[in-house]
Every structure is written in C-alpha cells, then in structure tokens.
Amino acid sequence: MPAIAALGFVTIYGLDANRAIFLALNKIGPATSDTLWANLTVLGDGMVAFALCLPLWRRRPDLLWALAFLALLGTLWVHGMKPFVDVARPPAVLGNDVHIIGRAYQAHSFPSGHATTAFAIAGLFALGLGMRLWTCAIVALAVVVALSRAVVGVHWPLDILAGAFGGWLAAICALWLAERTRQFGERPLAQWTLALLLTACAVALVLGYPNEYPQADLFQRAIGICCIAAAAARLKRAAR
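Here the sequence shown is numbered in my numbering, starting from 19 and rising by one per residue.
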C-alpha cells in the first residue's frame with residue numbers, strides 16, 4: 019500500500035495533475051449528496067477512529083496495544099510535517115471554484131490528517147486480522163474516506179496520498195513495536211487504561227462531540243453507542 023501511494027504521488031506530481039484531479043473529485047459532492055460525504059469524512063476524524071477501535075478490547079489485546087503506537091506515529095507524521103510543508107488548501111487557492119462541505123480551511127494542507135487516520139486504522143485491522151475479505155472491504159472504505167477530503171473541498175490529491183502513505187506505514191511500524199513489547203502491553207493495567215481512553219472517545223461521540231459537519235451528528239452518536247454496547251457485551255461475556 020505505501021508503494022502504491024508513493025507511485026500515485028510521483029505520477030500526479032510529475033504530470034502536474036494535482037489541481038485537475040482535485041476539481042474532478044470535488045464535483046462529486048454537488049452531483050451526489052453533501053450529507054453522504056459529511057458522514058463518510060468523519061470516519062477519518064481521530065475521535066471517531068479511536069471509538070471504532072473500542073471493540074478490540076478483550077478480543078484482540080495485541081491490536082489494542084498496537085493502537086497506542088499507531089496514535090503516536092500517526093500524530094508525528096501529520097503534525098511533524100504540517101509546519102515544514104505549509105501548503106495552502108484548495109479554498110485559499112481556487113476560491114469560489116471549490117464546493118465546500120463544512121468548514122473552509124485555508125492553510126496547513128499537507129498531509130491530510132483524515133487520510134492518515136483512515137489508512138492507519140485500515141492498516142491496523144487489515145494487517146492485524148489477516149483476513150482477505152475483510153482486508154478488501156476495510157481498504158476500500160479507507161480509500162473512500164480519504165477521497166472524501168477532496169470531495170468536501172479541503173485537501174489536494176497529493177495531501178491524501180501522503181496521508182495514505184504515512185498512515186499505512188505507521189500501522190506497519192506500530193504492529194512491529196507492539197509485538198516486541200507485547201509482554202508489557204497486554205498486562206491488565208495497560209489494557210484497561212487504553213479501554214478507558216477509547217470509552218471516553220465513544221462517550222464523547224454520544225454526548226455530541228463537536229465537528230464541522232452537523233449532518234454527521236446522528237451518525238457519530240450511533241457509532242459511539244454501538245462501540246460502547248459492543249465493549250459492554252464483551253465484558254459481560256467475560257464475567258460469566
């Protein structure tokens with residue numbers, strides 16, 4: 019996956035097709051549904067992504083521990099690069115030619131944080147679960163979530179590809195680090211600490227975690243409720 023993202027990046031950059039591809043993707047929004055894309059793009063939000071990992075608790079302690087490294091590495095990738103590669107966002111460059119869904123961000127475009135998150139979580143599940151059918155579905159969803167950043171009008175294709183590259187690479191490194199520190203990471207204290215943090219994320223969604231996409235409020239609440247219910251069911255089953 020990192021190789022595909024890197025190849026796409028080099029190709030688009032070499033052909034100077036960044037703007038043209040963005041405009042083509044951005045037209046999908048008004049041609050379909052703003053609400054649909056608002057709901058899809060929130061899946062790349064860190065709070066939502068962490069809540070979605072709550073069901074890993076007690077099912078896959080190894081992946082839950084890897085998530086700790088994943089969060090650190092993904093954050094370093096995004097926030098370590100943004101100050102040094104200060105690219106203006108599409109609304110700042112193209113103005114009214116951009117169809118905006120949500121907030122019209124202006125600066126710090128590279129890389130896409132949502133794309134990084136989507137591919138980091140996809141990599142964690144795809145590589146960690148090792149199930150071909152699930153891998154295809156997870157990667158396909160990550161692609162759609164990443165592309166949604168152009169559809170909602172806030173990221174260039176190069177931002178998205180850089181995010182996909184960094185996110186999947188972060189997953190590979192996180193799984194490697196988790197395996198080598200597994201004896202510590204699967205201790206009850208570490209597992210309960212991570213579970214409580216993820217539960218807090220899910221509760222925040224249920225309580226109305228603020229975002230720039232009000233169309234997705236109900237979807238976010240539903241995600242929070244489902245993830246809490248899944249974790250509670252697992253805890254009840256383990257207590258029997």
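The C-beta atom is built at its ideal place from N, Cα and C for all residues, glycine as well.
Going by the CB atoms, is the gap between residue j and residue i shorter than 8 Å?
{"i": "residue 157", "j": "residue 138", "result": "no"}
{"i": "residue 75", "j": "residue 127", "result": "no"}
{"i": "residue 133", "j": "residue 104", "result": "no"}
{"i": "residue 172", "j": "residue 108", "result": "yes"}
{"i": "residue 181", "j": "residue 164", "result": "yes"}
{"i": "residue 79", "j": "residue 204", "result": "yes"}
{"i": "residue 23", "j": "residue 179", "result": "yes"}
{"i": "residue 136", "j": "residue 61", "result": "yes"}
{"i": "residue 52", "j": "residue 119", "result": "yes"}
{"i": "residue 185", "j": "residue 113", "result": "no"}
{"i": "residue 77", "j": "residue 252", "result": "yes"}
What's the C-alpha gap between residue i and residue j?
{"i": "residue 89", "j": "residue 122", "result": "26 Å"}
{"i": "residue 196", "j": "residue 87", "result": "7 Å"}
{"i": "residue 221", "j": "residue 81", "result": "21 Å"}
{"i": "residue 73", "j": "residue 35", "result": "40 Å"}
{"i": "residue 84", "j": "residue 144", "result": "13 Å"}
{"i": "residue 177", "j": "residue 130", "result": "5 Å"}
{"i": "residue 27", "j": "residue 183", "result": "9 Å"}
{"i": "residue 224", "j": "residue 32", "result": "45 Å"}
{"i": "residue 250", "j": "residue 67", "result": "18 Å"}
{"i": "residue 255", "j": "residue 206", "result": "17 Å"}
{"i": "residue 232", "j": "residue 201", "result": "42 Å"}
{"i": "residue 29", "j": "residue 37", "result": "13 Å"}
{"i": "residue 243", "j": "residue 214", "result": "15 Å"}
{"i": "residue 168", "j": "residue 153", "result": "24 Å"}
Between residue i and residue j, which are expected to be in contact by the criterion C-beta below 8 Å, what is the C-beta distance as a whole number of angstroms?
{"i": "residue 106", "j": "residue 216", "result": "So it is not a contact: roughly 35 Å between Cβ atoms."}
{"i": "residue 219", "j": "residue 99", "result": "About 24 Å separates the two Cβ atoms, so there is no contact after all."}
At least one CB of chain B closer than 8 Å to the CB of residue i: is that the case?
{"i": "residue 24", "result": "Given the protein chain composition of this structure (a single chain), no chain B is represented."}
| field | Minimum length 4: unbroken alpha helix (DSSP H) runs contained in the region 125-212 | value | 131-147, 150-169, 175-198, 200-203
| query | For the region 45-62 against the region 227-246, are there 3 or more C-beta pairs whose distance is under 8 Å? | reply | yes
| query | Within the chosen definition, does the region 38-48 reach the region 214-234 through at least 3 CB pairs nearer than 8 Å? | reply | no
| said: Can you confirm whether the region 32-45 touches the region 180-197 when touching is taken to mean that 3 or more C-beta pairs between the two stretches lie within less than 8 Å? | reply: no
| task | Run through the region 72-104 for me and flag every whole alpha helix (DSSP H) of 4 or more residues, listed as ranges in chain order. | result | 79-99
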